[in-house]
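Peer 1: Those protein sequence lines, which keep their order, are chains A and B.
With our numbering, letter number 102 in the first sequence gets 85, and the count goes up by one each step, no holes.
With our numbering, letter number 148 in the second sequence gets 131, and the count goes up by one each step, no holes.
Note that the Cβ used here is the ideal one computed from N, Cα and C, for glycine as well.
2 protein chains.
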Amino acid sequence: MPSKRARTNPTVGERIGREIELAILSGRLRPGDRLPTEEELVARHGSSRSAVREAVHGLRARGLVISRRGSGSYVAADVGTRPLRESLGHYATLRANERGYTELFDLRLMVERFCVRRLALLGKAADRSRLRAAFERMKMEKGDLTRFGEADIAFHQELVAGAKHELFATILGGLFSDLGRRFAQDSYHRVSQVRQVLLEHEAVVEAVEAGDADLAEGHLVTHLVRSRADFQKSDG
Amino acid sequence: MPSKRARTNPTVGERIGREIELAILSGRLRPGDRLPTEEELVARHGSSRSAVREAVHGLRARGLVISRRGSGSYVAADVGTRPLRESLGHYATLRANERGYTELFDLRLMVERFCVRRLALLGKAADRSRLRAAFERMKMEKGDLTRFGEADIAFHQELVAGAKHELFATILGGLFSDLGRRFAQDSYHRVSQVRQVLLEHEAVVEAVEAGDADLAEGHLVTHLVRSRADFQKSDG
DNA sequence: AGGTTAAAGTTGTCAGACAACTTTGCGGTC
DNA sequence: GACCGCAAAGTTGTCTGACAACTTTAACCT
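#1: Mind pulling the chain A residues with CB within less than 8 Å of residue 103 (chain B)?
#2: If you measure from the CB of residue 67 (chain B), is any heavy atom of the ligand COA nearer than 8 Å?
#3: Distance check for residue 74 (chain A) and residue 63 (chain B), CA to CA, integer angstroms please.
#4: Closer than 9 Å, Cβ to Cβ, to anything on chain A: give me those residues from the stretch 72 to 105 of chain B, in chain order.
#5: Closer than 7 Å by beta-carbon distance: list the chain B residues that pair up with residue 66 (chain A), in chain order.
#6: Starting from residue 40 (chain A), find everything on chain B with Cβ-Cβ shorter than 8 Å and list it in chain order.
#7: For the alpha helix (DSSP H) holding residue 72 (chain A), just list the boundary residues, first then last.
#8: Could you pull the DSSP bridge partners for residue 17 (chain A) from this structure?
#9: Confirm, please, whether the CB-CB distance from residue 68 (chain B) to residue 132 (chain B) is below 9 Å.
#10: Which residues does DSSP list as the beta-bridge partners of residue 154 (chain B)?
#11: If the criterion is Cβ atoms closer than 9 Å, does the pair residue 23 (chain B) and residue 0 (chain B) meet it?
#12: Report the neighbours of residue 63 (chain B) on chain A: residues whose CB is nearer than 8 Å to its CB, in chain order.
#13: With 9 Å set as the bound, which would you pick, yes or no: does the beta-carbon of residue 0 (chain A) sit closer than that to a beta-carbon of chain B?
#14: May I have the straight-line CA-CA distance separating residue -15 (chain A) from residue 6 (chain B), to the nearest angstrom?
#15: Of all the residues that make up the stretch 133 to 164 of chain B, which are near chain A by a beta-carbon distance shorter than 7 Å?
#16: Rounding to the nearest angstrom, what Cα-Cα distance links residue 108 (chain A) and residue 55 (chain A) in this structure?
#17: In three-state terms, what does DSSP make of residue 25 (chain A)?
#18: Go through its chain and collect everything with a Cβ distance to residue -4 (chain A)'s Cβ below 6 Å, but skip five positions before and after it.
#19: Rounded to a whole number of angstroms, what is the C-alpha to C-alpha distance between residue 27 (chain A) and residue 4 (chain A)?
#20: Would the beta-carbon of residue 120 (chain B) fall within 9 Å of that of residue 144 (chain B)?
#21: Throw me the rounded Cβ distance for the residue 265 (chain B) and residue 96 (chain B) pair, which I believe falls under 8 Å.
#22: Under a CB-based cut-off of 9 Å, is residue 8 (chain A) close to chain B?
#23: With 9 Å set as the bound, which would you pick, yes or no: does the beta-carbon of residue 210 (chain A) sit closer than that to a beta-carbon of chain B?
#24: For residue 93 (chain A) and residue 102 (chain B), I'd like the C-alpha separation in whole angstroms.
#25: Hey, quick one: how far does the beta strand (DSSP E) through residue -5 (chain B) stretch, first residue to last?
#26: DSSP beta-bridge partners for residue 50 (chain B)?
#27: Taking the straight line between their C-alpha atoms, what separation do you get for residue 18 (chain B) and residue 52 (chain B)?
#28: Quick check: is the beta carbon of residue 31 (chain B) nearer than 9 Å to any beta carbon in chain A?
#29: Let me know the alpha helix (DSSP H) ranges lying completely inside the stretch 80 to 114 of chain B, each 4 residues or longer, listed in chain order.
#30: Locate the alpha helix (DSSP H) running through residue 133 (chain A), then write down its first and last residues.
#31: With a CB to CB cut of under 7 Å and the five nearest residues on each side skipped, what residues in its chain are close to residue 122 (chain A)?
#32: Sort B:16, B:110, B:197 by Cα distance to residue 141 (chain B) and report the nearest one.
#33: How about residue 206 (chain B) and residue 177 (chain B): are their beta carbons less than 9 Å apart?
#34: CB residue 14 (chain A) to CB residue 60 (chain A), shorter than 9 Å?
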């Protein structure tokens, strides 16, 4: 029987990884910067190459670092957002049950409400026209349910992008990644729903263009809550 | 000059890691389950042990797996929440600037608002008494600013825990982890603030106990927004 | 039966070698 | 001088083998 104790002493690789991680988090190593070569790290820490590689593999798996054979390892350009996006995507994938879906939907609803208000109140004309363009793309794709679903996702991401909120954009990106796509795609079992969805999106776009935050929020909430109901019905 | 292309072919270790990850995310490997031994993985994939180890190191760094020398590697018990909590903590650590703080605060405010409403409306007596207990702990620690700050964090986590929302509890845990502690601690530069903070918390507790969601939300928002103002003032 | 100890099993670390790929620098060509 | 080709050096990826550190199992003894 395996012992209960889960705490084990950190390995050499973990210690080295922690040190590099700290250099990244503190800003001493910035996105795009090159890490010391494995040879240098071996010399600095007095350990073997395999331990150093264990550290780099860990950082790479977490999205902090990318390695290119023959060139070196570099701090990832999207070191700020990718790990969060991916771990949220994994969280969503692990929560395929009813309650998990409800909780993820709570988050999505909160984030989009916040952003649609901000976009309506503070968004620039260019931001609003991008939302309109995303809506037009949905109309064009209404023949193909899969591509329509993708355009739907793009619309909601544009909504958050227009609010200029990096954290919320990252969160929504995570919710939509991986199997999180079921958020939007699985709603379109019947073609009749497409027309309804288009109408609801158009209402949001027009309220945003009119600068009416309350109305935009209302239409968005209506759309999202109705989508959830559809999803739960079809999910059984 | 390094080439622009960031996309490189996945390594053998990454492919193996992806496969194990899929087994975990799909539920075929459940928390506490033991992974195949390195020897078995070597045989199954026809690769070397170093490639297999690269895969396991990646999963371990991401918190999906823990390894115990002499025993084996196991799917982590908290595989669902830890990666999200940690990546959010890292995100917060990387966002020490003004705008990043504001965005993180947006998230915190949304989450706590949601939870305090739910606790006031649907919370059971036991949940509410735990919130009261967390408040009493704060009063006891008012002499030591550091411990008071910790009790403050514990109070807000209790608030979210009482709402029985795993996702939001995980998010708040991430916001408070690591240097995210500055959220609460850095607010107590002056002892005079302690009394103010205690009063605001007490108002929240009482509104929750009275089952008044609107009032509880109002007091909580007041407290948090005022805390943010204090923080921004002291941050300069 | 219970405890002790040896054996087997498993992950951690080290070392060395070569493969695959990138970057640099040299030399030649125009 | 600018450009190209090509060799050389530099760097990460993979394989192999060995031993250390630790855990689990199994045999043994009392």
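Peer 2: Reading off the structure:
#1: Within chain A, not a single residue places a beta-carbon under 8 Å from that of residue 103 (chain B); the smallest gap is close to 16 Å.
#2: In the structure shown, the ligand COA is absent, as is every other ligand, since no ligand is present at all.
#3: C-alpha separation (whole angstroms): 6 Å.
#4: Residues of the stretch 72 to 105 of chain B with a C-beta atom less than 9 Å from some C-beta of chain A are 73, 74, 76, 77, 78, 79, 82, 83, 86, 87, 89, 90, 93, 94, 96, 97, listed in chain order.
#5: Under the 7 Å cutoff, chain B gives 70, 73.
#6: Those within 8 Å of residue 40 (chain A) in chain B are -4, 37, 40, 41, 44.
#7: For residue 72 (chain A), the uninterrupted alpha helix (DSSP H) segment begins and ends at 65 to 77.
#8: In DSSP, residue 17 (chain A) forms a bridge with A:57.
#9: One thing to note: residue 132 (chain B) has its Cβ no nearer than 9 Å to the Cβ of residue 68 (chain B).
#10: Beta-bridge pairing by DSSP links residue 154 (chain B) to no other residue.
#11: No; because the gap between Cβ atoms is not below 9 Å, this pair is not in contact.
#12: When 8 Å is used as the limit between beta carbons, residue 63 (chain B) is near these residues of chain A: 74, 77, 78, in chain order.
#13: It does: the Cβ of residue 0 (chain A) has a partner Cβ on chain B nearer than 9 Å.
#14: Here the model assigns residue -15 (chain A) a pLDDT of 47, short of 50, so the residue's position is not dependable and the matter cannot be decided.
#15: Flagged, chain order: 148, 149, 150.
#16: Looking at the backbone, the Cα of residue 108 (chain A) and that of residue 55 (chain A) are separated by about 43 Å.
#17: In the three-state DSSP reduction, residue 25 (chain A) falls in the helix class (H, G or I).
#18: Correct list, in chain order: 34, 37, 38.
#19: If I take the Cα positions, the gap works out to 16 Å.
#20: Annotated as distal: residue 120 (chain B) and residue 144 (chain B), with beta-carbon spacing of 9 Å or more.
#21: Absent from the structure is residue 265 (chain B), since the part of chain B shown begins at -16 and ends at 219.
#22: Under the Cβ distance rule, residue 8 (chain A) counts among the residues neighbouring chain B, one pair being separated by less than 9 Å.
#23: Residue contact with chain B for residue 210 (chain A): absent (no Cβ-Cβ distance below 9 Å to any residue of chain B).
#24: Just so you know, the alpha carbons of residue 93 (chain A) and residue 102 (chain B) end up roughly 17 Å apart.
#25: Membership of residue -5 (chain B) in any beta strand (DSSP E) is not indicated; the residue belongs instead to the alpha helix (DSSP H) covering -5 to 8.
#26: Residue 50 (chain B) has B:56 as its beta-bridge partners, per DSSP.
#27: Answer to the nearest angstrom: the Cα atoms are 13 Å apart.
#28: So, not an interface residue.
#29: Within the stretch 80 to 114 of chain B, the complete alpha helix (DSSP H) runs of at least 4 residues are 81 to 105.
#30: From DSSP, the alpha helix (DSSP H) with residue 133 (chain A) extends over 128 to 145.
#31: Closer than 7 Å at Cβ, skipping near neighbours: 181.
#32: Selected option, being the one with the closest Cα: B:110.
#33: Taking 9 Å as the Cβ cut-off, residue 206 (chain B) and residue 177 (chain B) do not qualify as a contacting pair.
#34: Taking 9 Å as the Cβ cut-off, residue 14 (chain A) and residue 60 (chain A) qualify as a contacting pair.
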